[in-house]
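Written out below as structure tokens is the structure these notes cover.
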Amino acid sequence: MRILPPRVVQAFKDRIINIHPSLLPYFPGAAAYKQAYDSGVRVHGCTAHFVTEQLDAGPVILQDVFHIRVGEDQLDEVKDRGQSLEGKVLSKAVQLFLNDELVVKDKKVIFRPGRHPGQVEEA
């Protein structure tokens with residue numbers, strides 16, 4: 005939960021991966037689970053993206069979702085489901101990066117031919 009100095013982001017352009025607890029561009033910044041819970045959305049998720057100087061605005065690598073049972077779920081339950089998914093999405097994004105299966109082009113992540121990862125698989 006730190007904002008990196010611009011010099012660090014510039015030095016490692018398209019090499020720093022962040023996991024964010026929302027489906028960006030929705031609910032950027034802090035307290036995304038609370039924002040989603042309070043807004044009454046029924047689908048929420050997380051986003052693995054490259055870090056840029058603009059907060060939570062870098063090229064999206066992967067996203068995945070879970071459902072919120074509005075009126076039934078408590079905020080802690082939403083956070084627990086989200087954090088479990090975050091680990092899977094981040095792990096898959098890092099794996100794709102390390103295996104050189106993606107490139108950033110025109111501020112978008114493009115998967116190399118035949119390498120589209122689809123939905124994040126259960127561990």
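Just so you know, we're using this note's numbering here: the sequence shown kicks off at 5 and counts up by one.
Yeah, the Cβ is synthetic: ideal placement off N, Cα and C, and Gly gets one too.
8 Å contact criterion, which residue i and residue j should meet: CB distance rounded
| i | j | result |
| --- | --- | --- |
| Val108 | Asp18 | 5 Å |
| Leu66 | Ala97 | 5 Å |
Cβ neighbour criterion (16 or more within 10 Å) applied to residue i
| i | result |
| --- | --- |
| Ala52 | buried |
| Ile114 | exposed |
| Ala127 | Low confidence applies here, because Ala127 scores a pLDDT of 44, under 50, leaving its location unreliable; read the following figure in that light. Counting Cβ neighbours within 10 Å, Ala127 comes out exposed, since fewer than 16 surround it. |
| Pro10 | exposed |
Enclosing alpha helix (DSSP H) for residue i [first to last residue]
| i | result |
| --- | --- |
| Leu100 | Leu79 to Leu102 |
| Lys38 | Ala36 to Ser43 |
Endpoints, the beta strand (DSSP E) within which residue i is located
| i | result |
| --- | --- |
| Lys112 | Lys112 to Phe115 |
One or two residues paired with residue i in a DSSP bridge
| i | result |
| --- | --- |
| Ile23 | Ala52 |
| Gln67 | Thr51 |
*Assess, as a yes-or-no matter, whether the segment 62-72 is touched by the segment 40-54 under the definition of 3 or more beta carbon pairs within less than 8 Å.*
Contact between the segment 40-54 and the segment 62-72 is established, with three or more Cβ pairs separated by less than 8 Å.
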